[in-house]
Amino acid sequence: MDRRNFIESCSTAATAACLSGAASLPALAADARPKAYQRVLLTNERGDPFKASSLTVQTNYVFHYPFEATPVFLLDLGKAVPPSNPAALKTKGGESYAWPGGVGMKKSIVAFSAICAHQLVYPTQQLSFISFRKGTPVNAKTPNHGADLIHCCADHSQYDPAQGAKVLGGPASQPLCAILLEHNAKDDTLTAYATLGGELFDEFFKKYEAKLSIEVGSKAKNAVTQRTPVRELDKFCRNPVKC
132 MDRRNFIESC STAATAACLS GAASLPALAA DARPKAYQRV LLTNERGDPF KASSLTVQTN
192 YVFHYPFEAT PVFLLDLGKA VPPSNPAALK TKGGESYAWP GGVGMKKSIV AFSAICAHQL
252 VYPTQQLSFI SFRKGTPVNA KTPNHGADLI HCCADHSQYD PAQGAKVLGG PASQPLCAIL
312 LEHNAKDDTL TAYATLGGEL FDEFFKKYEA KLSIEVGSKA KNAVTQRTPV RELDKFCRNP
372 VKC
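Under the working numbering, the first residue of the sequence shown is numbered 132, with each subsequent residue one higher.
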């Protein structure tokens with residue numbers, strides 16, 4: 132379900148209410164609501180618009196949104212990903228929410244915050260303990276492990292990107308925060324415009340303040356504006372850890 136159809140699926144009254152806001156976000160039949168940020172075009176490393184069709188299926192890509200230091204996984208799962216039911220997902224605070232599913236021509240493209248919901252592990256240019264794994268993780272240590280998951284080697288939290296990054300195993304207390312994307316079918320471009328679910332940005336900035344000041348500098352907490360580059364994780368990170 133794309134953003135337009137997701138909005139149209141709201142009740143008439145709810146749709147009117149959500150469209151009255153500056154960001155025109157979808158109204159959801161749940162507790163949690165999308166949080167609007169800058170509309171940001173995804174680009175390649177040269178600054179040209181990134182084409183959704185250029186994604187290699189089941190391959191890790193990374194961009195930064197909604198802040199300069201907060202990484203996001205971009206994935207083409209290779210199959211249509213339907214929206215979740217209302218109340219199918221819950222934040223650690225108990226707020227339920229519906230997730231709109233994949234975007235793109237095949238409705239197979241999804242994006243989630245790459246900050247693990249347990250210990251806030253995230254991919255850096257030097258090291259990444261968290262990533263999407265095609266097939267069953269090599270060293271899965273939780274009873275509910277399966278195939279094609281986002282897996283964090285630091286604590287073995289596992290998330291299903293085909294179900295809104297729902298937690299399938301490990302100590303994580305909530306799904307990865309979803310990043311909402313809009314696909315322009317005419318230009319085959321992708322635009323990030325909001326988050327949905329439990330944000331952990333405040334905790335992330337507090338925990339890694341010193342580290343981020345070295346990695347990103349003073350702009351770590353700056354909102355991303357206009358454009359953000361997409362890179363394959365294996366090219367962004369020198370040492371993606373496998374487990």
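Backbone N, C-alpha and C fix where the C-beta goes; we use that ideal spot for every residue, glycine too.
Whole-angstrom C-beta distance between residue j and residue i, which should lie under 8 Å
{"i": "Arg362", "j": "Val188", "result": "That pair is no contact at about 17 Å."}
{"i": "Phe198", "j": "Phe332", "result": "7 Å"}
{"i": "Ala163", "j": "Thr222", "result": "6 Å"}
{"i": "Gly224", "j": "Gly329", "result": "7 Å"}
{"i": "Thr356", "j": "Pro165", "result": "Going by Cβ atoms, the distance from Thr356 to Pro165 rounds to 19 Å, so no, they are not a contact pair."}
{"i": "Thr359", "j": "Val171", "result": "5 Å"}
{"i": "Thr255", "j": "Cys368", "result": "7 Å"}
Distance CB(residue i)-CB(residue j) smaller than 9 Å
{"i": "Gly92", "j": "Asp318", "result": "Here the chain has residues from 132 to 374 only, and residue 92 is not among them."}
{"i": "Glu292", "j": "Ile281", "result": "First, the residue type needs correcting, since residue 292 is Pro and not Glu in the sequence shown. Going by C-beta atoms, Pro292 is nearer than 9 Å to Ile281."}
{"i": "Ala296", "j": "Leu312", "result": "no"}
{"i": "Ala183", "j": "Gly235", "result": "yes"}
{"i": "Ala375", "j": "Ser304", "result": "The chain is shown from 132 up to 374; residue 375 falls before or after that span and cannot be answered."}
{"i": "Leu251", "j": "Tyr339", "result": "yes"}
{"i": "Gln169", "j": "Ala341", "result": "no"}
{"i": "Ile240", "j": "Asp207", "result": "yes"}
Residues of its chain near residue i, where Cβ-Cβ distance is below 7 Å and the 5 sequence neighbours each way are ignored
{"i": "Ala160", "result": "Because the pLDDT of Ala160 is 49, which lies under 50, any placement of that residue in the model is unreliable, and the number read from its coordinates should be weighed accordingly. The answer, listed in chain order, is Pro217 and Ala229."}
{"i": "Thr190", "result": "Glu363"}
{"i": "Lys210", "result": "Ser239"}
Proximal residues to residue i (C-beta, below 8 Å), its chain only, five neighbours per side dropped
{"i": "Ser344", "result": "Ala351"}
{"i": "Val203", "result": "Val193, Phe194, His195, Tyr196, Ala242, Phe243, Ser244, Ala245, Ile310 and Ala323"}
{"i": "Glu334", "result": "Leu251"}
Cβ neighbour criterion (16 or more within 10 Å) applied to residue i
{"i": "Lys238", "result": "buried"}
{"i": "Gly266", "result": "exposed"}
{"i": "Phe137", "result": "Low local confidence applies: a pLDDT of 46 at Phe137 is under 50, so the model's placement there is unreliable, with the coordinate-based value given in what follows. Phe137 comes out buried."}
{"i": "Asp179", "result": "exposed"}
{"i": "Arg264", "result": "buried"}
{"i": "Pro213", "result": "exposed"}
{"i": "Gln257", "result": "exposed"}
{"i": "Ser288", "result": "buried"}
{"i": "Ser215", "result": "buried"}
{"i": "Ser349", "result": "exposed"}
{"i": "Ser185", "result": "exposed"}
{"i": "Asn370", "result": "exposed"}
Cut-off 6 Å between Cβ atoms - residues of its own chain near residue i, not counting five sequence neighbours on either side
{"i": "Phe181", "result": "Leu173, Thr174, Asn175 and Val361"}
{"i": "Cys284", "result": "Phe260, Val372 and Cys374"}
{"i": "Tyr253", "result": "Pro202, Ala245 and Ile246"}
{"i": "Gln294", "result": "none"}
Neighbour flag for residue i against chain B, beta carbons, 9 Å
{"i": "Arg369", "result": "No chain B is part of this structure, which consists of one protein chain only."}
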